[in-house]
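**Q** Protein chains in written order, with the working numbering: chain A, 904 to 1436; chain B, 335 to 549.
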Amino acid sequence: MSTVERPAPPRSYLEEGFGLRSWLTTHDHKRIAILYGIGITAFFFLGGLAAALVRLELVTPAGDLVSAETYNKAFTFHGVVMVWFFLIPSIPATLGNFLLPLMIGARDVAFPRLNLFSWYLYIVGGLFTLACLLLGGIDTGWTFYTPFSTMFSNSHVMLAVVGVFIVGFSSIFTGLNFIVTVHTLRAPGMTWMRLPLFVWAMYAVALVMILATPVLAMTLSLIALERLFGVGIFDPALGGDPVLFQHFFWFYSHPAVYIMILPAMGVVSELITHGARRRIFGYQFMVWAIIGIAVVGFLVWGHHMFVAGQSMYASIVFSILSFIIAVPSAIKVFNWTATLYKGDISFDAPMLYALGFVGLFMLGGLTGLFLAATALDVNLTDTYFVVAHFHYIMVGGAVMAYLGGVHYWWPKITGRLYSEAWARFAAILMFFGFNLTFFPQYILGWEGMPRRYHEYLPQYQVWNVLSSAGATILGVSYLLPLLYLGWSLRRGARAGANPWDATGLEWQTPSPPPLHNFAQTPTVTEGPYAYRQ
Amino acid sequence: MNARLHPVPEQFDDPVQQREAATLGMWAFLATEILFFGVLFAGYTLCRVRFPDAFAAGSRHTDMLLGTIETAVLLTSSCAVALSVREVQLGGRQLATALLGITAALGASFLVMHGFEYYAEYREGLIPAVHWTQQGVYAKGMEIFYCLYYFITLFHSLHVSIGVVLLIVMAWRTWHRAYDARYHTPLELTALYWHLVDIVWIFVYPLIYLVGRAG
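1) Below 7 Å on C-beta distance, what does Pro1416 of chain A contact in chain B?
2) Within its chain, find whatever has a CB closer than 6 Å to the CB of Tyr1256 of chain A; leave out the 5 residues flanking it on each side and keep chain order.
3) Short of 9 Å Cβ to Cβ, which residues in the segment 464-482 of chain B face chain A?
4) Along the segment 1142-1154 of chain A, where does the CB come closer than 9 Å to a CB of chain B? Name the residues.
5) Using a 10 Å radius around the Cβ and a threshold of 16 neighbouring Cβ atoms, would you call Pro1431 of chain A buried or exposed?
6) In the structure shown, what three-state DSSP assignment does Ser1058 of chain A receive?
7) Of all the options A:Tyr1287, A:Gly1246, A:Gly1267, A:Leu1263, which has the alpha carbon lying nearest to the alpha carbon of Arg1435 of chain A?
8) Any C-beta of chain B sitting closer than 9 Å to the C-beta of Gly1133 of chain A?
9) To the nearest angstrom, how far is it from the Cα of Val545 of chain B to the Cα of Phe444 of chain B?
10) For Ser993 of chain A, collect the residues of the same chain with a Cβ closer than 6 Å to its Cβ; drop the 5 residues on either side in sequence, then sort them by chain order.
11) Which residue marks the beginning of the alpha helix (DSSP H) containing Ala1257 of chain A, and which one marks its end?
12) Entirely within the segment 956-1006 of chain A and at least 4 residues each: give me those alpha helix (DSSP H) ranges in chain order.
13) In chain order, what residues of the same chain have a beta carbon less than 8 Å from the beta carbon of Gln468 of chain B, not counting five sequence neighbours either side?
14) Could you work out which residue in A:Phe1081, A:Ala936, A:Ala1034 is closest to Lys1315 of chain A when comparing CA atoms only?
15) Note down, in chain order, each residue of its chain lying with its Cβ closer than 7 Å to the Cβ of Ile1228 of chain A, except the 5 sequence neighbours on either side.
16) So the candidates are A:Ile1041, A:Val1012, A:Leu1098; which of them puts its Cα closest to the Cα of Phe1076 of chain A?
17) If you check the beta carbons only, do Arg975 of chain A and His1357 of chain A fall under 9 Å apart?
18) Counting only Cβ pairs nearer than 7 Å, list the residues of chain B close to Arg1221 of chain A.
19) Which same chain residues, not among the five before or five after Pro1417 of chain A, have their C-beta less than 7 Å away from its C-beta?
20) Where do the N-terminal and C-terminal ends of the alpha helix (DSSP H) with Leu526 of chain B fall, by residue?
21) Under 8 Å Cβ-Cβ, which residues of chain B neighbour Ala1120 of chain A?
22) Could you give the distance in angstroms between the alpha-carbon of Glu522 of chain B and the alpha-carbon of Gly1399 of chain A?
23) Pull up the CB-CB distance for Gln615 of chain B and His518 of chain B, whole angstroms please, since I reckon it's below 8 Å.
24) Look up Trp361 of chain B in the DSSP assignment and say whether it is helix, strand or coil.
25) Are the C-beta atoms of Val1290 of chain A and some chain B residue less than 9 Å apart?
26) Using only CA atoms, which one of A:Thr1049, A:Pro1004, A:His1310 lies nearest to Glu1129 of chain A?
27) Here's a check: name, in chain order, each residue in its chain whose Cβ is nearer than 6 Å to the Cβ of Ala1374 of chain A, leaving out the five neighbours to either side.
28) Using 8 Å for Cβ pairs, my map puts Gly1178 of chain A next to Pro1253 of chain A. What's the rounded Cβ distance?
29) I'd like the list of long-range same chain contacts for Val350 of chain B, defined as Cβ closer than 8 Å, with 5 residues on each side in sequence excluded.
30) Do His1206 of chain A and Ser1218 of chain A count as a contact pair if the criterion is CB distance below 9 Å?
31) Hey, how far is the Cα of Phe1055 of chain A from the Cα of Gly1262 of chain A?
32) How many Å lie between Val1309 of chain A and Ala1090 of chain A at the Cα?
33) Of all the CB atoms in chain A, is at least one closer than 9 Å to the CB of Gly359 of chain B?
34) Considering only residues of the same chain and omitting the five flanking positions on each side of Ala337 of chain B, which have a CB-CB separation below 7 Å?
35) Looking at chain C, which residues of the segment 384-396 of chain B have a Cβ within less than 8 Å of any of its Cβ atoms?
36) Would you give the residue range spanned by the alpha helix (DSSP H) that Pro1231 of chain A belongs to?
Structure, rendered in structure tokens:
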């Protein structure tokens, strides 16, 4: 009798080394993704604490909990941290880093050392921002508007500017890596029109990262110049033009919104096809919608400046372009909905997050149309309506999708299953908590409550109390995944290679994957989402 | 010998793929560089529309002779680096090293000439915030012109300095037979970078030195 020698299962990337050194010097895209994951989680909760302070202050109309200065610093810190240290790197640097090579059948990204370097840049930038907080904070708002930021603010503007400048290079290098990886490292048979939509989203977002971020870096340098030497091109007292600053800033920061939402759309396309067990409806439309959003996203920045004194004709053009960008966004929503039609829908946790995303993104997108209308925007500018609108996109959209993605790929990343019941509970709680927090802010804004004030008229109190109550629920729902996902790391059942029975190359390799992802480079013979004909 | 000296990193299948990735990476990086300088040119253009006369007055204070020589020097250096790449492709190690040395020397001389310009401007009181003695109706607009002048030229000189260091490394490695007709990707990419530095200057030169001079 002969025994068949079974090959030992390949060592997973988590077993390649256990010391801190093996992590901090790794070139493995999967480990770098986890390093990023730890970083952005820490910053997410820091930024969340600042938001909690803001919501606590706003429970009562009087400014009684903190001073106006502290309040300004709280919402500025919240904005800076959430935008640059959580949302921008969130999906691309964690899920993107982990999945992009897996999804295209590659062993790693094209430049692994550059990948690690970009993580270190992220950390160094983060340390500057933390130093800014510890030394007393910054009160300019995350937008750094001149001349306040350059001439009048007495807070630590320079530290925050340097921090954001550095973290910008981290995202440039990540983008560069993704572009080259998608172009050169696709497995045999993985043609462009067979790429999963998540990969397309990463590719589009990488283009936006490398083309928009340099503009931010230079603009921040000009701010530093003006603040340090008292010379520059933005301060009207020096003969400069503050609206020029706004043009430069939003030339980056509007595309930055698409850096946040495009990856979210990519994640949701994966989640919905898995949850409905169907091919995506209109794959090519989805691809061109992604590219369309990325391209037109560069041309709409002026809608942030309808009341800032730009020319009326510019405003009209920016308004029309902002309406146009709603078209590819709507195509995506319609196609997700059509994918569900006659689908074999399972309401597991990732799917709940994805469905939540679609609803919240739609509400955020439709209110964006209100704000793109020049006449209406004059009324709504700088009110809570704007705050509610962009939180629906950035929190209701991007954060829901990020968490949905984390749940969906958690078994792949860690090799463990989490408690499905708790995960569903958290997803549903998050949806309700989110709406309770931010829907009242639409009403507040509509009734005229301006943003960024720490006091308000008593007539607005009811909605503010509702919003703060919602924020508490939202906070709990963000803490829950930390607990049950953490628990699953030790106690969770082992996940097989493909616990969802999903398509996609990332599910064809063991969970967690071995160092070089695949035992043999896979050959691709059909498009993505081949659930059924 | 080359395969031993330059093992293909594990993420690539073969040297061809590696070369494609490195080249595309450099082009993507150059695209970001264009955006870096693009902001400054956009800022320059808008400020010039606001202060056309002051920008012309500021431009007349620049040293057109040195600026023109600098332009010629950079263009010549770009030619030299292109020839050195060709020479390596043909297997000429010594001439290639010499051409790289010439490129680096021309780059360094560009920096020295710019240093002289800055010194002359310092003596004239043309450095905003540090030493500014200009008076008159155009003083304010000129200050903005010089502010942008320093920002753009210093940022460009930073690129030239990085380029000179890279060129010296390339010359050193070419001399020590690191590159040959089959493998010379780093040299090629350094040359690409150097051409960008040159091209940016081709835009800087008329904007700073020539604009409004005749008027």
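Yeah, the Cβ is synthetic: ideal placement off N, Cα and C, and Gly gets one too.
**A** Straight from the coordinates:
1) Locating residue 1416 of chain A in the first sequence gives position 513, where the first residue counts as 1. The contacting residues do not exist; Pro1416 of chain A stays about 14 Å from chain B at best.
2) Looking up residue 1256 of chain A in the first sequence gives position 353. So the qualifying residues of the chain are Met1303, Leu1306, Gly1307, Ala1330.
3) Val464, Trp466, Lys474, Gly475, Glu477, Ile478, Tyr480, Cys481, Leu482
4) Gly1142, Gly1143, Asp1144, Leu1147, His1150, Phe1151, Phe1154
5) Within the first sequence, residue 1431 of chain A is the residue found at index 528, counting from 1. The residue in question, Pro1431 of chain A, is buried, as its Cβ has 16 or more Cβ neighbours within 10 Å.
6) Taking the first residue of the first sequence as position 1, residue 1058 of chain A is located at position 155. Three-state result, Ser1058 of chain A: coil.
7) For the purposes of this step, residue 1435 of chain A is taken as the residue at position 532 of the first sequence. When each option's Cα is compared against that of Arg1435 of chain A, the closest is A:Gly1246.
8) In the first sequence, counting from the first residue as 1, residue 1133 of chain A sits at position 230. Closer than 9 Å: yes.
9) Here residue 545 of chain B refers to the residue found at position 211 of the second sequence. Here residue 444 of chain B refers to the residue found at position 110 of the second sequence. The straight-line gap from Cα to Cα measures roughly 21 Å.
10) What you label residue 993 of chain A is simply residue 90 of the first sequence in a count that begins at 1. Within the same chain, Ser993 of chain A has close Cβ partners Ile943, Tyr1305.
11) Taking the first sequence and counting its residues from 1, the one referred to as residue 1257 of chain A is at position 354. Its alpha helix (DSSP H) spans residues 1252-1275.
12) 971-983
13) Here residue 468 of chain B refers to the residue found at position 134 of the second sequence. So the list reads Gly459, Leu460, Met476, Glu477, once near-sequence residues are dropped.
14) Position 412 of the first sequence, counted from the start, is the residue given in the question as residue 1315 of chain A. Measuring from the Cα of Lys1315 of chain A, the nearest candidate turns out to be A:Ala936.
15) Counting from one through the first sequence, the residue named residue 1228 of chain A turns up at place 325. These residues qualify, in order along the chain: Ile1196, Val1199, Gly1200, Val1203.
16) Locating residue 1076 of chain A in the first sequence gives position 173, where the first residue counts as 1. Checking every option, the nearest Cα to that of Phe1076 of chain A belongs to A:Val1012.
17) As a position in the first sequence, residue 975 of chain A is number 72, starting the count at 1. As a position in the first sequence, residue 1357 of chain A is number 454, starting the count at 1. In the sequence as presented, Arg is not what sits at residue 975 of chain A; that position holds Asn. For Asn975 of chain A and His1357 of chain A, yes; Cβs fall inside 9 Å.
18) Mapped onto the first sequence, residue 1221 of chain A falls at position 318. The displayed chain sequence assigns Phe, not Arg, to residue 1221 of chain A. Within chain B, no residue comes near Phe1221 of chain A; the closest Cβ sits about 17 Å away, beyond 7 Å.
19) On the first sequence, residue 1417 of chain A is found 514 positions in, with the first residue counted as 1. Here the set comprises Pro913, Arg914, Ser915, Tyr916.
20) Residue numbering aside, residue 526 of chain B sits at position 192 when the second sequence is read from its first letter. Per DSSP, Leu526 of chain B belongs to the alpha helix (DSSP H) from 519-539.
21) Along the first sequence, one-based indexing puts residue 1120 of chain A at 217. Residues of chain B passing the Cβ test: Phe370.
22) Here residue 522 of chain B refers to the residue found at position 188 when the second sequence is read from its first residue. Here residue 1399 of chain A refers to the residue found at position 496 when the first sequence is read from its first residue. Going by the C-alpha atoms only, they are around 46 Å apart.
23) For chain B, the structure presents residues 335 to 549; residue 615 of chain B sits outside this window and is missing.
24) Start at 1 with the first residue of the second sequence, and residue 361 of chain B comes out as number 27. Helix at Trp361 of chain B.
25) As a working mapping, residue 1290 of chain A is identified with position 387 in the first sequence. For Val1290 of chain A, the answer is no, since every Cβ of chain B falls outside 9 Å of its Cβ.
26) Within the first sequence, residue 1129 of chain A is the residue found at index 226, counting from 1. The option with the nearest alpha carbon to Glu1129 of chain A is A:Thr1049.
27) Along the first sequence, one-based indexing puts residue 1374 of chain A at 471. So the qualifying residues of the chain are Arg958, Thr1340.
28) Walking along the first sequence from the start, residue 1178 of chain A turns up at place 275. Walking along the first sequence from the start, residue 1253 of chain A turns up at place 350. With a Cβ gap of about 7 Å, Gly1178 of chain A and Pro1253 of chain A count as contacting.
29) Position 16 of the second sequence, counted from the start, is the residue given in the question as residue 350 of chain B. The answer is none, since no qualifying residue turns up.
30) In the first sequence, counting from the first residue as 1, residue 1218 of chain A sits at position 315. In the first sequence, counting from the first residue as 1, residue 1206 of chain A sits at position 303. Going by C-beta atoms, Ser1218 of chain A is nearer than 9 Å to His1206 of chain A.
31) Stepping through the first sequence from its first residue, residue 1055 of chain A is reached at position 152. Stepping through the first sequence from its first residue, residue 1262 of chain A is reached at position 359. Cα to Cα, Phe1055 of chain A sits roughly 42 Å from Gly1262 of chain A.
32) Translated into the one-based positions of the first sequence, residue 1309 of chain A becomes position 406. Translated into the one-based positions of the first sequence, residue 1090 of chain A becomes position 187. Spanning the two alpha carbons is a distance of roughly 25 Å.
33) For the purposes of this step, residue 359 of chain B is identified with residue 25 of the second sequence, where counting begins at 1. Cβ-Cβ to chain A under 9 Å: yes for Gly359 of chain B.
34) The residue labelled residue 337 of chain B in the question sits at position 3 within the second sequence. For Ala337 of chain B, the pLDDT reaches just 49, beneath the cut-off of 50, and the residue's location in the model is therefore unreliable, leaving the point undetermined.
35) In summary, chain C is missing from the structure at hand, where the protein chains are A and B.
36) Counted from its first residue, the first sequence places residue 1231 of chain A at position 328. Segment 1215-1243, the alpha helix (DSSP H) holding Pro1231 of chain A.
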